[in-house]
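Engineer:
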Amino acid sequence: MDSEVPLPPPRRIRHRSPARAGTSPSSSIASSFRKARRLSRFDDRSSQPSSDPALFSSDDIPASGLENYNAPVTGGAGRKRRYRGTWWGEQVIDPKRKRADFKEKRQVDSGVWMGSDESTAESLLPSEDASAWGEDLLKTVLDPKATGKYPQGLALPKATAAPVLPLPIWKGLHESEQHKFARAVVNDCLEKGEDSIDLGNFDLREIPPGLLQPLQHLTKLPSVKEAPLSENAYSSLQPFLRVYLSGNSLTTLNNELFELGDLKVLSVRNNKLSEIPYTIQKLAALEVLNVSVNLLTHLPWELLRLLQHGELKHLTAFPNPFPSIEEGEITKWHRQPRKSQENGKPETSLEDQLRFDEYEGSPPKNAWATIHVATSPITRRDMEGNPIDDGSASVVTPVALPPSSSTPSAPSLRELALRAVCKLPGLEQVTDDELDDFPSLVAPLMYQARKIRAAGGQRCSVCQHEYVVPRTSWLEWWDCTPHESGMKRPRTSGEKLRPLPFQRHGCSWACVPRLQNI
Amino acid sequence: MADSTSEYVTLVSCDGFEFILPRSTACISGTIRRMLDPASKFSEALTGRCVLETLTGVVLEKVCEYFFYNEKHKDQANVPDMDIPPELCLELLMAADYLDT
Chain A
82 MDSEVPLPPP RRIRHRSPAR AGTSPSSSIA SSFRKARRLS RFDDRSSQPS
132 SDPALFSSDD IPASGLENYN APVTGGAGRK RRYRGTWWGE QVIDPKRKRA
182 DFKEKRQVDS GVWMGSDEST AESLLPSEDA SAWGEDLLKT VLDPKATGKY
232 PQGLALPKAT AAPVLPLPIW KGLHESEQHK FARAVVNDCL EKGEDSIDLG
282 NFDLREIPPG LLQPLQHLTK LPSVKEAPLS ENAYSSLQPF LRVYLSGNSL
332 TTLNNELFEL GDLKVLSVRN NKLSEIPYTI QKLAALEVLN VSVNLLTHLP
382 WELLRLLQHG ELKHLTAFPN PFPSIEEGEI TKWHRQPRKS QENGKPETSL
432 EDQLRFDEYE GSPPKNAWAT IHVATSPITR RDMEGNPIDD GSASVVTPVA
482 LPPSSSTPSA PSLRELALRA VCKLPGLEQV TDDELDDFPS LVAPLMYQAR
532 KIRAAGGQRC SVCQHEYVVP RTSWLEWWDC TPHESGMKRP RTSGEKLRPL
582 PFQRHGCSWA CVPRLQNI
Chain B
1116 MADSTSEYVT LVSCDGFEFI LPRSTACISG TIRRMLDPAS KFSEALTGRC
1166 VLETLTGVVL EKVCEYFFYN EKHKDQANVP DMDIPPELCL ELLMAADYLD
1216 T
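Protein sequences appear in the order of chains A and B. Mapping of the first sequence onto my numbering: residues 82 to 599, in sequence order. Mapping of the second sequence onto my numbering: residues 1116 to 1216, in sequence order.
(1) Is it the case that the Cβ atoms of leucine 322 of chain A and leucine 302 of chain A are separated by a distance below 9 Å?
(2) Quick one: give me the first and last residue of the alpha helix (DSSP H) that asparagine 336 of chain A is part of.
(3) Is the distance from the Cβ of glutamate 1168 of chain B to the Cβ of cysteine 1129 of chain B below 9 Å?
(4) Please list, in chain order, the chain B residues whose beta carbon lies closer than 8 Å to that of arginine 495 of chain A.
(5) In angstroms with no decimal places, state the Cα-to-Cα distance between valine 585 of chain A and isoleucine 411 of chain A.
(6) Taking only beta carbons into account, state which residues of the segment 1178-1189 of chain B come closer than 9 Å to chain A, listed in chain order.
(7) Would you give the residue range spanned by the alpha helix (DSSP H) that glycine 1172 of chain B belongs to?
(8) Can you check whether the C-beta of valine 476 of chain A is within less than 9 Å of a C-beta belonging to chain B?
(9) Quick one: list the residues of chain B neighbouring serine 317 of chain A, beta-carbon separation under 9 Å, in chain order.
(10) Could you tell me whether the Cβ of valine 245 of chain A comes closer than 9 Å to any Cβ of chain B?
(11) Determine the contact status of serine 330 of chain A and aspartate 269 of chain A, defining contact as a CB-CB distance below 9 Å.
(12) Determine the extent of the alpha helix (DSSP H) in which phenylalanine 262 of chain A is found, giving its start and end residues.
(13) Check whether the Cβ atoms of alanine 1211 of chain B and arginine 495 of chain A sit closer than 9 Å, and answer yes or no.
(14) So what does DSSP say about asparagine 447 of chain A, is it helix, strand or coil?
(15) Taking only beta carbons into account, state which residues of the segment 511-527 of chain A come closer than 9 Å to chain B, listed in chain order.
(16) Quick one: list the residues of chain A neighbouring methionine 1197 of chain B, beta-carbon separation under 7 Å, in chain order.
(17) Taking a cut of 8 Å between CB atoms, which residues from the segment 1158-1178 of chain B lie near chain A?
(18) Hey, quick one: how far does the beta strand (DSSP E) through tyrosine 325 of chain A stretch, first residue to last?
(19) So, with DSSP's three-state summary, where would you put alanine 111 of chain A?
(20) Could you confirm whether any beta carbon from chain A is found closer than 9 Å to the beta carbon of cysteine 1204 of chain B?
(21) On the DSSP letters alone, give me the boundaries of the beta strand (DSSP E) that arginine 585 of chain A sits inside.
(22) I need the DSSP call for serine 277 of chain A, collapsed to helix, strand or coil.
(23) Going by DSSP, what residue range makes up the alpha helix (DSSP H) through valine 502 of chain A?
(24) Are the C-beta of alanine 1192 of chain B and some C-beta of chain A separated by less than 9 Å?
(25) With 9 Å as the threshold, decide whether the Cβ of histidine 586 of chain A is near any Cβ in chain B.
(26) As a quick exercise: from B:Ser1121, B:Glu1133, B:Cys1204 and B:Tyr1213, pick the residue whose alpha carbon is nearest that of cysteine 1165 of chain B.
(27) Strictly by DSSP, which residues pair up with alanine 455 of chain A?
(28) In terms of DSSP beta bridges, what is tyrosine 528 of chain A paired with?
(29) Which residues of chain A have a Cβ atom closer than 9 Å to the Cβ of proline 1201 of chain B, listed in chain order?
(30) What residues match up with arginine 436 of chain A in a beta bridge as DSSP calls it?
(31) Which same chain residues end up closer than 8 Å to histidine 564 of chain A when comparing Cβ atoms and leaving out the 5 residues on each side of it in sequence?
(32) In three-state terms, what does DSSP make of glutamine 362 of chain A?
(33) On the CB-based measure, 16 or more other CB atoms within 10 Å of its CB, does isoleucine 533 of chain A come out buried or exposed?
(34) What whole-angstrom Cβ distance do alanine 498 of chain A and isoleucine 1199 of chain B have, given they're in contact under 8 Å?
(35) Which residues share a DSSP beta bridge with histidine 395 of chain A?
(36) Which stretch, first to last residue, makes up the alpha helix (DSSP H) that contains arginine 1148 of chain B?
Here it is, written out as structure tokens:
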């Protein structure tokens, strides 16, 4: 085969005569047969692609160009290179290489495990049974304390049993009874298409992760009734999602709850919440909210948006340890009671401020709306978000205040860097331990950035910029009496107002309420 | 060597890059302002040259960019965000902590 083979004209190849194909005297019939098979791509009757195969195969050999395609090659420049396979995925055939024996190839793992294949079964099973390994891993991930239970080398008692066991995902987790029960309730509701999820009085300290998420996809089941069908047999299949978390010991609400965009009724009555997160603004469909009997001192300002522009019709806020407006510090009263204007007195008493306008006949429009009663003084915060006292700031930390302008509106470099940090991919995966490795001054900021990232970012209520560290905060007192009664009745004439404190944040010292005459 | 009343100051990074910028701009940073305070009698205040041993040239360049950004948008109502490359944001956060800006 090493001897000279002139470039064969295509016609000849088509003949495929064994005597012509091999010029070497030593070539056996078998080898020439093999060769003929290799050349079978030139065969018209071949089942391979019908596109032109001829010129392509030897383009890279200069002597085999088109001009001397039919001429015999004179020098030892080489033989035509032969290819195997299709023209787009061709492989050069090494003529010296013998065809690999079938038995040699057979050593490759086929990936099919058969019961009779003893060697595979022995090599896999003893220590690292697939299901046991999975369980082990799960324990390691979810409960780091339980890792010591199954040392790597120890053969598990079940290891020689059938290797494919269904993975018990939540089995074996040290989950409290309450969480298990709560999960069972949620699963039951999902199963039955029940849109009222009652998780009341479960003694939950926190909402376990993954508990409420499936409720996003809750679907009601159509009610099947015997004929004759009445009108009210046809009801909407749109779930009227209600979640009752009352009577637990929740201290925080996690973001999963606020991902339920269809949530209509939410009750967190009788818990230990000290704050309602601003992410409640995501619950755009919310109609009834009960936050009573908690440890709230203020409500998020974003909740007010739900009252004014959203669907929220029924807010139950009392009792909660809200500060009373009589004791609170007020910078600006926003109402001009008609009575005081008539009297011409510039000074109005607190009672006048807290009394609704007197009217006769049908209630005016603002008898239904929320009323901005007052605004508290603004608390300015330093670059780390800690409140600074305006009065003593110039004495205690003279350098903390920028020298030239009193209200810098440009964000601090910390803030800018934190905004960039918030956009980093993978911030959610950073663990507490990793954050603790940061310098002590930076670590709290990183915690905050991670928290805000998890909540989906927060926007300044004044300038709509996304921000991380609030620089100003103040309370706005709004009266929501009609909403507290479920929009059933308007304010009566001269009714005493009972405003609620809503906390509002600004992203810079320039982001403060525009008060004309403070 | 500039004297303490010079209008410009020099910030030097740990790898030797020097940035010369107006004194008022550099004094946005609390740390630099204290360094350059004429009453403090620090050597930085006398020479007008601050060597910031903890900052590399790349970070200090971004910090200087921030100083001018801050100067420009000081009294503006709607401030656009400065562009911070993600690979620098952690180092800049540390630098901001150090420089008190």
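Idealized CB from N, CA, C, for every residue including glycine. Please read all numbers here as calculations on a predicted model, not as lab measurements.
Structural biologist: Reading it off the structure:
(1) no
(2) 336-339
(3) yes
(4) Result: Leu1208, Ala1211, Asp1212 and Thr1216.
(5) First, the amino acid is wrong: residue 585 of chain A is arginine here, not valine. Cα to Cα, the separation comes out at about 15 Å.
(6) Val1178, Tyr1181, Phe1182, Tyr1184, Asn1185, Glu1186, Lys1187, His1188 and Lys1189
(7) 1172-1187
(8) In this prediction, valine 476 of chain A has a pLDDT of 33, which is less than 50 and means its spatial position is unreliable; nothing more can be read from the coordinates.
(9) In chain order: nothing, as chain B lies at least about 44 Å away.
(10) Bear in mind that a pLDDT of 43 at valine 245 of chain A, under 50, signals an unreliable position, so the number given afterwards is only what the model happens to contain. No, because no Cβ of chain B sits closer than 9 Å to the Cβ of valine 245 of chain A.
(11) It is not a contact, given that the beta carbons lie outside the stated cut-off.
(12) 258-273
(13) yes
(14) Correct three-state label for asparagine 447 of chain A: helix.
(15) Phe519, Pro520, Leu522, Val523, Leu526 and Met527
(16) Leu497
(17) Val1178
(18) 323-325
(19) Note that alanine 111 of chain A scores 48 on pLDDT, short of 50, meaning its location in the model is unreliable; the coordinates nonetheless yield the value given after this. Correct three-state label for alanine 111 of chain A: helix.
(20) yes
(21) 581-587
(22) strand
(23) Unbroken alpha helix (DSSP H) run through valine 502 of chain A: 494-503.
(24) Chain A contact via Cβ: present.
(25) It does not; no Cβ of chain B falls within 9 Å.
(26) B:Glu1133
(27) A:Trp414 and A:Trp558
(28) DSSP, once it has assigned bridges, lists no residue as partnering tyrosine 528 of chain A.
(29) The contact set of proline 1201 of chain B on chain A, defined by CB atoms closer than 9 Å, consists of Ala501, Val502, Lys504, Leu505 and Pro506 in chain order.
(30) Note: arginine 436 of chain A is bridge-paired with A:Lys577 in the DSSP secondary-structure output.
(31) Leu388, Leu393, Lys394, His395, Leu396 and Thr451
(32) helix
(33) buried
(34) 6 Å
(35) A:Val369
(36) 1145-1151
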